[in-house]
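Following full-length UniProt numbering, the numbering of the sequence shown begins with 1 at its first residue and continues without gaps. All remarks here apply to the structure that follows.
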Amino acid sequence: MATETSAEVPKTARQFVLKEEVIVERKWLKLEETTYTDPNGKTRTWETVKRAGRKKGVSADGVAVIAVLQRTLHYDCVVLVKQFRPPINGYCLEFPAGLIEENETAESAALRELEEETGYKGEVVECTPALCLDPGLSNSTTHIVSVTINGDEAENTRPKQKLDDGGMLHTVLPVTFKVKCDLSVFYLENVS
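This is the structure:
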């Protein structure tokens, strides 16, 4: 039988940020040294990556789109994109994703990114609140947006990507049962 432990921090041990100093800032990211107090009241520092130029009027930095392509007489497919990522010097299978534009909703950003990266047009089913992706490293936040795509509609039978200059993505359509059964094998087959 598992025992329950409390994750509550004692009120006497308040943690808070004292200061944030920018070390370097570029177009998309900045590196900061964050000075904070730990639970024992000791002052510590942390290297933090932050989004540069956060947009006004947006609820998060970006969106990730979990899109399911549905077609008559076909298995449902999860829509993924394969693209080269310089930080890891390799290819990744990813959900279509991107940044939210100024005064744009997460839902409209998701539909825009889906169409740009895959050519598909879909309908939003659900959108999560803003989620932290890697809070030990960054303040980056995203919404996960579920979308269905009617693959029988004419606009979705031969989708054409609308990529930005320099964009190089390949759309990959694994059937949902294969993703559920053995995602690691599917990943290895399609990325290597």
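Every residue gets a Cβ at the ideal spot worked out from N, C-alpha and C, and that includes glycine. All of these numbers come straight from a predicted model, not from anything done at the bench.
- Our two residues, H170 and S138, have alpha carbons roughly 28 Å apart in a direct line.
- In this structure, the beta-carbon distance from D61 to T142 falls below 8 Å.
- As for any beta strand (DSSP E) of minimum length 3 sitting wholly inside the UniProt domain "Nudix hydrolase" (60 to 192), the runs are 62 to 70, 77 to 85, 90 to 94, 97 to 99, 123 to 127, 141 to 150 and 169 to 172, ordered along the chain.
- If you check the CB distance, Y91 and K82 come in under 8 Å.
- Shown here, V17 sits in a strand according to DSSP, grouped into three states.
- L80 places its beta carbon less than 8 Å from that of L93.
- W28 carries a coil assignment under DSSP once its states are collapsed to helix, strand and coil.
- With respect to T43, T34 sits apart: the two C-beta atoms are not nearer than 8 Å.
- Our two residues, V124 and N40, have alpha carbons roughly 46 Å apart in a direct line.
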